[in-house]
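Following: one structure in structure tokens, then a few remarks.
Residue numbers (the numbering used here): 42 to 241.
This is the structure we're talking about:
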């Protein structure tokens with residue numbers, strides 16, 4: 042990605058190491074800091090709206106650091122479950138579950154649902170800039186939920202989601218291919234274009 046005219050140093054409002062690594066690849070010409078670089082910084086509690094959650098995180102980090110800040114909120118929406126777990130994906134099944142446990146819980150809930158189990162990944166990316174500008178951008182990737190986890194890459198629900206047009210789960214795809222197709226890649230690339238050219 043060619044360097045633009047906007048800021049190129051951001052704090053990403055996440056404690057999720059997988060998300061941070063992914064964003065560092067997606068915005069490869071930017072310096073991406075995270076909560077680990079600012080001990081003691083606490084994010085606001087999450088609510089029921091992707092955009093509000095993402096922007097609240099970015100604004101909290103900007104207020105604490107004074108550095109241009111990025112936030113995101115994302116989830117997997119399964120049609121057979123009426124869009125669940127959706128905005129609650131990171132907390133699906135309760136605080137005692139890790140990524141694999143949440144995948145297993147979702148697969149168990151879908152066990153009686155016939156194929157194709159259609160779903161989408163959603164990401165809303167937000168920025169809060171020191172000059173007062175704010176923006177949110179939504180990215181989506183349609184696909185299906187497989188019957189059993191496959192692949193060792195990625196994080197979250199990556200091992201059980203196959204994007205449309207592919208046969209591999211996110212966890213089986215090369216990182217570069219996931220970044221090109223993913224909801225997070227779409228949202229943050231669009232957000233950076235806006236940062237560079239707010240008239241877009």
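In this text, a Cβ means the ideal position worked out from N, Cα and C, and glycines have one as well.
C-alpha distance - residue i paired with residue j, whole-angstrom precision
| i | j | result |
| --- | --- | --- |
| residue 194 | residue 236 | 30 Å |
| residue 70 | residue 154 | 43 Å |
| residue 43 | residue 169 | Below a pLDDT of 50, predicted positions are generally treated as unreliable, and residue 43, at 44, falls in that range; the measurement from the model is reported next regardless. Computed Cα separation, rounded: 22 Å. |
| residue 77 | residue 56 | 7 Å |
| residue 119 | residue 159 | 6 Å |
| residue 86 | residue 199 | 24 Å |
| residue 214 | residue 206 | 12 Å |
Beta carbon proximity, residue i to chain C, threshold 9 Å
| i | result |
| --- | --- |
| residue 119 | Of the protein chains in the structure, only one exists, and it is not chain C. |
DSSP bridge partner residues for residue i (one or two, in chain order)
| i | result |
| --- | --- |
| residue 178 | 166 |
| residue 112 | 167 |
| residue 184 | 160, 204 |
Cβ pair residue i, residue j closer than 9 Å
| i | j | result |
| --- | --- | --- |
| residue 51 | residue 61 | no |
| residue 129 | residue 182 | no |
| residue 191 | residue 210 | yes |
| residue 112 | residue 131 | no |
| residue 252 | residue 125 | Absent from the model: residue 252. The displayed extent of the chain is 42 to 241, so no value can be given. |
| residue 202 | residue 184 | yes |
First through last residue of the beta strand (DSSP E) which encompasses residue i
| i | result |
| --- | --- |
| residue 202 | 202-204 |
Minimum C-alpha distance to residue i - residue among the options
| i | options | result |
| --- | --- | --- |
| residue 140 | 104, 179, 212 | 212 |
| residue 180 | 174, 167, 238 | 167 |
| residue 68 | 48, 79, 84 | 48 |
Residue span of the alpha helix (DSSP H) that contains residue i, given as start and end
| i | result |
| --- | --- |
| residue 49 | Looking at the DSSP string, residue 49 is not in any alpha helix (DSSP H), and its letter there is neither H nor E. |
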